[in-house]
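Notes follow the structure.
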Amino acid sequence: MTGTTISLDRAVDLTRTGDVWLFRGRSGADRAIQNLTNSPVNHVGMAIVVDDLPPLMWHAELGRSLPDVWTGRHQRGVQLHDLSDAVVTWHERYGQRAWLRQLEPTVGREHEDAALRTVARLDGTPFPSTARLASRWARGRMPGAVRAAVRARDGATATLRDLLEGRVLDVLRRTDAGTGSDAAPGVALAEPGLETAYCAEVVAVTYEEMGLLDTVHRPNWYDPGRFWSGDRLPLTGGFRLGGEIAVTVAGR
1 MTGTTISLDR AVDLTRTGDV WLFRGRSGAD RAIQNLTNSP VNHVGMAIVV DDLPPLMWHA
61 ELGRSLPDVW TGRHQRGVQL HDLSDAVVTW HERYGQRAWL RQLEPTVGRE HEDAALRTVA
121 RLDGTPFPST ARLASRWARG RMPGAVRAAV RARDGATATL RDLLEGRVLD VLRRTDAGTG
181 SDAAPGVALA EPGLETAYCA EVVAVTYEEM GLLDTVHRPN WYDPGRFWSG DRLPLTGGFR
241 LGGEIAVTVA GR
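Counting from 1, one number per residue, gives the positions in the sequence shown under full-length UniProt numbering.
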């Protein structure tokens, strides 16, 4: 379906866990990101599709217009949204065009579990400021030029809510049982080293946890441009991302 155009409803029906959603805008900030990363996109999110829940969008953004499915709150930073609502918001509110890249082959239950564990750790992580974002990008490409001073988040834990019909808590309980941990299920530490998170870093870290991406690079090496077809993302295990499928919202 590469190079074709489909409706948002059709795209939502097709999308599966691990699929990448790319966005391109025309604002000054959008173009600055595109020029900085030498790519035609400025935002990236990942689909999470489990059980009988509607497809969800896992990403990081400055806005807080939509309720987070995980916390039930309106928050900035790393968020889990109803996918259809997220695409409509990015189209109508932010003037963004959307594309879908499908992950092939379809992931298994263990990959979905890993994605949900990552949601439990990262949801609510703040989005970096513009200055910090530029600094992170520079450190990711020139690690010897700029030294990171901050190594870990504070000791706050993320309170988990049983919002995904028990699925996430079941995953955490099975993980605790497998590791012999005495920690109560439903509580997980935030991702070490990610005091703030940019959209591409969230997708990259989730891919790494799912076993789809080598951990050769630090999270700040990734930007939205790494996930478009003009770049080569080092996926593992025989997985690949298909080409871009343009998605129309309300016929536009």
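Using N, Cα and C, we set each Cβ at its ideal position, and we do this for glycine too.
#### Entry: Contact under 8 Å by Cβ, G225 with S7
Not in contact: G225 and S7 (Cβ atoms no closer than 8 Å).
### Query
DSSP on R101, reduced to helix/strand/coil?
Of the three classes helix, strand and coil, the one that applies to R101 here is strand, per DSSP.
### Query
Where D214 and F23 are concerned, what is the direct C-alpha to C-alpha distance, given to the nearest angstrom?
As the crow flies, the alpha-carbon of D214 is around 24 Å from that of F23.
### Task
Provide the residue span of the beta strand (DSSP E) that contains L80, from first to last.
If you look at L80, you'll find it in the beta strand (DSSP E) that goes 77 to 82.
### Query
Using the C-alpha atoms, what's the distance from C199 back to R117?
Distance from the CA of R117 to the CA of C199, rounded to the nearest whole angstrom, comes to 17 Å.
### Task
Taking the CB atoms as reference points, tell me whether V12 and V203 lie closer together than 8 Å.
No, the Cβ-Cβ distance between V12 and V203 is not below 8 Å.
### Query
Counting Cβ pairs closer than 8 Å, one from the region 96 to 116 and one from the region 242 to 249, do we hit at least three?
Cβ pair count under 8 Å is three or more, so yes.
#### Entry: Buried versus exposed call for S74 [16 or more other C-beta atoms within 10 Å across all chains shown]
First, the residue type needs correcting, since residue 74 is His and not Ser in the sequence shown. The residue is exposed, with fewer than 16 neighbouring Cβ atoms inside 10 Å.
### Query
In this structure, does DSSP put L247 in helix, strand or coil?
The sequence shown places Val at residue 247, not Leu. DSSP places V247 in the strand class (E or B) of the three-state scheme.
### Message
Tell me the DSSP secondary structure of V69 in three-state form.
### Response
Here DSSP, grouped into helix, strand and coil, assigns V69 to coil.
### Task
Please check the pair L212 and G237, which I expect to be a contact at CB under 8 Å, by giving their CB distance rounded to whole angstroms.
Rounded, the Cβ-Cβ distance is 7 Å, consistent with contact.
### Task
Assign D68 to buried or exposed, taking buried as 16 or more other Cβ atoms, counted over all protein chains shown, within 10 Å of its Cβ.
Taking all protein chains shown into account, D68 has 16 or more neighbouring C-beta atoms within 10 Å of its C-beta and is therefore buried.
### Query
Are the beta-carbon atoms of V87 and D123 separated by less than 8 Å?
With respect to D123, V87 sits apart: the two C-beta atoms are not nearer than 8 Å.
### Query
Going by C-alpha distance, which of I48, A115, L80, R31 is nearest E209?
Per the C-alpha coordinates, the member of I48, A115, L80, R31 positioned closest to E209 is A115.
### Task
Spatial neighbours of G3 within its chain, please: CB distance less than 7 Å, with the 5 preceding and 5 following residues excluded, ordered by chain position.
Here the set comprises G243.
### Task
Kindly identify the DSSP beta-bridge partner or partners of R24.
Note: R24 is bridge-paired with R97 in the DSSP secondary-structure output.
### Message
Please identify the residue among D82, D113, L14, E61 whose C-alpha is closest to the C-alpha of F127.
### Response
Minimum Cα distance to F127 is reached at E61.
### Residue range of the unbroken alpha helix (DSSP H) whose run includes H111
Looking at the DSSP string, the run of the alpha helix (DSSP H) that includes H111 is 109 to 122.
### Query
With which residues is S7 paired in a DSSP beta bridge?
The beta-bridge partner set that DSSP reports for S7 consists of T248.
### Task
Leaving out five residues on either side along the sequence, give the residues of the same chain with a beta carbon under 8 Å from the beta carbon of E104.
Taken in chain order, the residues that qualify are F239, R240, L241, G242.
### Message
Nearest by alpha-carbon distance to W21: which of W90, A197, G72 is it?
### Response
Restricting attention to W90, A197, G72, the CA atom closest to the CA of W21 is found in W90.
### First through last residue of the beta strand (DSSP E) which encompasses A47
Per DSSP, A47 belongs to the beta strand (DSSP E) from 43 to 48.
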